[in-house]
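Numbering (my numbering), first residue to last: 571 to 757. Glycine included, each C-beta is placed from N, C-alpha and C at the ideal position. Please read these numbers as outputs of a predicted model, since none were measured by experiment. Since the structure comes first, as structure tokens, the remarks are kept for the end.
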């Protein structure tokens with residue numbers, strides 16, 4: 571149970587990180603794992619807020635007029651954006667974006683919109699919390715019988731010691747041979 575509680579705590583921490591990472595993408599009403607179509611590419615990512623959005627849009631426009639940058643949200647340090655372009659232009663656009671400290675978002679394993687993924691992660695958190703509560707309750711129930719468990723463990727240890735000692739003795743039903751030493755006055 572204790573190991574399971576530790577694994578649950580690690581998974582809860584991971585899921586809380588997932589929920590937090592989804593926050594900036596909540597306004598986006600598009601599946602996060604969308605890569606586009608046969609002709610159209612979709613790229614999710616972020617650029618620092620110190621980078622002028624208009625400058626990035628102009629740089630993309632210089633490359634092609636078949637691409638568009640959409641602002642999803644922003645916080646103190648990042649602007650979260652979606653770039654939609656013709657698939658053939660994707661490499662050139664990615665190269666251009668590097669000059670603006672663009673960081674592509676990794677949405678591996680995210681199926682559905684950010685809102686759907688957040689709800690799923692929160693549901694998993696609730697399930698893990700219930701399982702952890704059950705494990706803690708089980709440990710608490712067992713701890714009430716701790717004295718009995720210690721006594722049983724001591725009895726088993728004594729039986730094991732006796733069995734190990736019998737293995738060291740040589741003899742038959744009528745004879746016994748012991749090996750060891752005795753104080754001289756008892757000879």
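Taking C-beta atoms as the reference points, residue 593 and residue 688 count as a pair closer than 9 Å.
Ranked by how close their Cα comes to the Cα of residue 636, the residues 648, 622, 619, 609 have 609 in first place.
Secondary structure at residue 649: strand, using DSSP grouped into helix, strand and coil. Contact between the segment 619 to 627 and the segment 692 to 708 is absent, with fewer than three C-beta pairs closer than 8 Å. Along the length of the segment 659 to 733, whole alpha helix (DSSP H) runs at least 4 residues long occupy 660 to 668, 684 to 713, reported in chain order.
Between the beta-carbon of residue 595 and that of residue 642 there is about 6 Å, and that keeps the pair under the 8 Å contact cut.
For residue 663, the closest C-alpha among the options 626, 702, 583 is that of 626. Shown here, residue 606 sits in a strand according to DSSP, grouped into three states. Cβ neighbours of residue 674 within its own chain (closer than 6 Å, five residues either side excluded): 615. Residue environment for residue 752: exposed (fewer than 16 other C-beta atoms within 10 angstroms of its C-beta). In the three-state reduction of the DSSP assignment, residue 581 falls in the helix class, which pools H, G and I.
Taking a contact as a CB-CB distance under 8 Å, the pair residue 656 and residue 634 counts as one, their CB atoms being some 7 Å apart. Between residue 681 and residue 602, the C-beta gap is smaller than 9 Å, which places the two residues in contact.
Counting only residues of its own chain and dropping the five nearest sequence neighbours on each side, residue 604 has a CB closer than 8 Å to the CB of 612. Bounds of the alpha helix (DSSP H) holding residue 633 are 623 to 633.
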